[in-house]
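Participant: I have a structure I would like to understand better, so I am pasting it below and will then ask my questions one at a time.
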Amino acid sequence: MSDQNVSYAAALRESLAAREEKKPCCRRSYAAGLAGEAPPAFSCTADAGCYLRGVFVRCGSMTDPDKSYYLSLRPGAQLETVRRLLEDAGLPPGQTTRRRVPLLYYRDSGKIEDFLALVGQSRHALELMDKKITRALRSSANRLANAETANYDRAATASAEQVNAIKLLIKHKEFKRLSPELAESALLRLRHPELDLASLAELHEKRVSKSGLNHRMEKLLEMAKKYK
Numbered sequence: 005m006s007d008q009n010v011s012y013a014a015a016l017r018e019s020l021a022a023r024e025e026k027k028p029c030c031r032r033s034y035a036a037g038l039a040g041e042a043p044p045a046f047s048c049t050a051d052a053g054c055y056l057r058g059v060f061v062r063c064g065s066m067t068d069p070d071k072s073y074y075l076s077l078r079p080g081a082q083l084e085t086v087r088r089l090l091e092d093a094g095l096p097p098g099q100t101t102r103r104r105v106p107l108l109y110y111r112d113s114g115k116i117e118d119f120l121a122l123v124g125q126s127r128h129a130l131e132l133m134d135k136k137i138t139r140a141l142r143s144s145a146n147r148l149a150n151a152e153t154a155n156y157d158r159a160a161t162a163s164a165e166q167v168n169a170i171k172l173l174i175k176h177k178e179f180k181r182l183s184p185e186l187a188e189s190a191l192l193r194l195r196h197p198e199l200d201l202a203s204l205a206e207l208h209e210k211r212v213s214k215s216g217l218n219h220r221m222e223k224l225l226e227m228a229k230k231y232k
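Going from the sequence shown to my numbering is simple: count from 1 and add 4.
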């Protein structure tokens with residue numbers, strides 16, 4: 005791993021280590037993860053994330069997202085416990101062995117974003133989204149033919165506006181108040197900023213038309229106006 009990747013991972017661990025928890029149960033959970041111990045009995049919904057935060061500070065690493073997407077954990081004796089906690093959080097990791105040491109990992113940027121949010125590092129999760137959006141838009145733009153450039157520019161501008169609106173709702177803690185349908189559309193837009201509405205509509209679990217999805221996006225934009 006390059007010095008740049010090591011520096012990125014070290015900065016991330018330092019940021020996580022500096023976070024202070026107010027609840028005693030959260031502090032106990034973090035301390036157990038940091039020490040490589042089995043987790044204590046969890047008393048609140050944040051305890052699992054605090055434990056995993058301690059695990060990452062002790063044995064986690066992440067490459068610079070400007071280069072690639074890769075986050076790994078080497079929990080040692082607590083590997084199965086950590087894996088189960090991640091699965092319970094809806095984030096089943098990959099598992100492999102490197103230099104005879106078992107590790108858990110993610111290569112998907114969306115899962116890495118969710119992991120960072122789970123362990124209390126929303127700022128880095130949003131930064132990762134920003135980097136992915138920039139990369140996706142730039143890559144898509146390079147593939148467009150001259151005849152498609154104008155249409156793409158309009159779609160890219162609309163996508164960027166939608167993404168910015170959704171990030172404002174997250175920042176101001178409005179996201180949890182969204183209906184399940186709006187929340188699903190918002191998360192899919194964050195993870196696929198390069199897609200047009202028709203393609204994005206196809207990714208929804210429950211079928212939604214392009215016009216229906218456009219209506220949802222307009223609603224998100226309207227909700228975010230008060231924070232601009």
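Heads up, the beta-carbon is just placed ideally off N, CA and C, and yes, glycines get one too.
Residues in its own chain within less than 7 angstroms of residue 176 by CB, not counting five upstream and five downstream?
Facilitator: Looking up residue 176 in the sequence shown gives position 172. Excluding sequence neighbours, residue 176 sits near 231.
Participant: Sorted by chain position, which residues of the same chain lie with C-beta nearer than 7 angstroms to residue 227's C-beta, five sequence neighbours on each side aside?
Facilitator: In the sequence shown, the residue the question calls residue 227 occupies position 223. Hits under 7 angstroms: 173, 178.
Participant: Kindly give me the distance between the Cβ atoms of residue 301 and residue 46, rounded to whole angstroms, as I take these residues to be in contact under 8 angstroms.
Facilitator: No answer is possible for residue 301: the residues shown for the chain start at 5 and end at 232.
Participant: With H, G and I counted as helix, E and B as strand and the rest as coil, what does DSSP make of residue 41?
Facilitator: Position 37 of the sequence shown, counting from 1, holds the residue named residue 41. Residue 41 falls in the coil class under three-state DSSP.
Participant: Is the segment 89-102 touching the segment 157-164, taking contact as three or more C-beta pairs under 8 angstroms?
Facilitator: Flag = no, the segment 89-102 and the segment 157-164 do not touch.
Participant: Going by other Cβ atoms of all chains shown within 10 Å of its Cβ, with 16 needed for buried, is residue 48 buried or exposed?
Facilitator: For the purposes of this step, residue 48 is taken as residue 44 along the sequence shown, with counting starting at 1. Exposed: under 16 other Cβ atoms inside 10 Å.
Participant: Looking at the strands, I want to know which residues DSSP matches up with residue 107.
Facilitator: The residue labelled residue 107 in the question sits at position 103 within the sequence shown. Answer by DSSP bridge pairing, in chain order: 100.
Participant: Do residue 31 and residue 44 come within 7 angstroms of each other at the CB atom, strictly closer than that value?
Facilitator: For the purposes of this step, residue 44 is identified with residue 40 of the sequence shown, where counting begins at 1. For the purposes of this step, residue 31 is identified with residue 27 of the sequence shown, where counting begins at 1. Cβ atoms of residue 44 and residue 31: not closer than 7 angstroms.
Participant: Can you check whether the C-beta of residue 180 is within less than 7 angstroms of a C-beta belonging to chain E?
Facilitator: Chain labels in this structure do not include chain E; a single protein chain is all it has.
Participant: Just how far apart, CA to CA, sit residue 207 and residue 192?
Facilitator: Position 203 of the sequence shown holds residue 207. Position 188 of the sequence shown holds residue 192. One C-alpha to the other measures close to 8 angstroms.
Participant: Do the segment 64-78 and the segment 13-21 touch if we need at least three Cβ pairs shorter than 8 angstroms?
Facilitator: Verdict: yes, contact present.
Participant: Taking the alpha carbon of residue 169 as the reference point, which residue from 20, 223, 38 has its own alpha carbon closest?
Facilitator: Taking the first residue of the sequence shown as 1, we reach residue 169 at position 165. Among 20, 223, 38, the Cα nearest to that of residue 169 is on 223.
Participant: Three Cβ pairs or more, each shorter than 8 angstroms: is that satisfied between the segment 80-92 and the segment 35-43?
Facilitator: Yes, the segment 80-92 touches the segment 35-43.
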